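The structure under discussion appears below in the form of structure tokens.
In this note's numbering, the protein residues as written are 205 to 669.
See the structure below:
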């Protein structure tokens, strides 16, 4: 029995070894012509495929390959390899170093090989396919819109969020499509690939945030210049325009812009040495140029004051700083108290608070001696009594003296004269002063103050209506 059992075991072992040997030899024979399991070439599974048909097997995948394109707003497109004649082939003369004698071990291991390849596709067909893509050509394609600053009632300046849009650069999409084929990707997500032309400025942009904060600060106050019957307001956009934007978006007052604004303000509101239209006693209007009366802005000091007010950021009513001031800041800065002198009529009127307090004939400067009394709007800049007026060839005592310009002309009594008015001035006029009868000079003196306008005109030559 024992011998028989040993013999049986020997036969079984021989058969098993024979089977194993047969399987091994069969495997060697098979894998001499076929690729081992878990064999990948350029990422493609070629396991158990015939080596002589590698090119066919490698390229066969493109018969059914399809790239799915996913865009924003649920837009989708599909491109198959066949549509554009896409195919990849391995370059000739390359080999895969597999050892069939060790197939039983190698079959359990991943084997990845990188071989050089050539790809080809039909350019014209790719262009045609791209010409029908929804993600490129639908009518609802929109451009991106940058985040921006807007204004809302009750909220002030706010950041309006950016809009992403759905615009894609065709050339960039073309490159990603070809790369998707090359990498054998089934899905191409356009957002993930960064193919959309997104806004350059987003709502979290620090420059935009800083500028919005600055705008709301500026919008919180109003600066007003008071010109009596007129007001000049700086608020909102007009106030913003006096700022410069810093690199970080912050708005800061601009000295140059404020300086320019004050220069323009002065040009519109200053009246010093300006031209005025004046309603004359007796009817009509004359146009008078020059004189020392009027308002003149100190632009340097006013610029500094405005810069400080902007920096303080509080609502205030202000006045410019002046070098020269007049009696009234209204449009008619002469006001209702003034002295009026007409050279043509050789007459003077004195008004106080709109009422004429006196009128008198006078004698003005002799035009034929080069001493004509200059026209213009002057002002009484000094009031003196009992003094001598001197010149190259005269020294005259006067009881009352009221100079009104800076060339030596003034209003004064003239005890040496017995007649006034008419054409006396043309041959026997003064050196430029306004000679006034002694009987009337005190009334003139008592109803004027320093700064009272003195309007001198020639109705014969300056009347416009």
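From the three backbone atoms N, C-alpha and C, an ideal C-beta is built for every residue, glycine too. These numbers were taken from a predicted model, which means no experiment stands behind them.
It is roughly 28 Å from the alpha-carbon of residue 240 to the alpha-carbon of residue 217. The alpha carbon of residue 568 has as its nearest neighbour, out of 633, 609 and 560, the alpha carbon of 633. For residue 550, there is no enclosing alpha helix (DSSP H), as DSSP gives it neither H nor E. The region 506 to 522 and the region 417 to 433 touch, with three or more beta-carbon pairs separated by less than 8 Å. Excluding five sequence positions before and after residue 437, the CB atoms of its chain that fall closer than 7 Å to its own CB belong to 426 and 428, given in chain order. Counting every other CB atom within 10 Å of its CB across the protein chains shown gives residue 337 a total of 16 or more, marking it as buried. If the five residues before and after residue 463 are omitted, its C-beta is found closer than 8 Å to the C-beta atoms of 503 and 507, all from its own chain and listed in chain order.
For residue 284, the enclosing beta strand (DSSP E) stretches over residues 280 to 284. In the DSSP assignment, residue 539 falls outside any beta strand (DSSP E), carrying neither H nor E. DSSP, reduced to helix, strand and coil, places residue 387 outside both helices and strands of the structure shown, so it counts as coil.
In terms of Cβ geometry, residue 284 and residue 269 form a close pair [threshold 8 Å]. Annotation for residue 590: the continuous beta strand (DSSP E) segment containing it runs 588 to 594.
Within the same chain, and ignoring the five residues on either side of residue 267 in sequence, the residues whose Cβ sits closer than 8 Å to its Cβ are 285 and 286. When secondary structure is reduced to three states using DSSP, residue 585 falls in the coil class, being assigned neither helix nor strand. Residue nearest to residue 390 within the set 470, 655 and 280 is 280 (criterion: CA-CA distance).
By the CB criterion at 8 Å, residue 403 and residue 371 fall outside the cutoff. Apart from sequence neighbours up to five positions away, the residues of its chain that approach residue 446 with a beta-carbon distance below 7 Å are 457, 458, 461, 462, 465 and 514, ordered along the chain. It is roughly 45 Å from the alpha-carbon of residue 452 to the alpha-carbon of residue 478.
Across the set 434, 435, 450 and 424, the C-alpha of 424 shows the shortest separation from the C-alpha of residue 441.
Residue 353 is positioned such that its CB atom lies closer than 8 Å to that of residue 419. Pairing residue 301 with residue 234, the inter-Cα distance amounts to about 16 Å. Residue 450 is bridged by DSSP to nothing; it lacks a bridge partner. Here the region 641 to 648 makes no contact with the region 568 to 586; the two share fewer than three CB pairs at distances below 8 Å.
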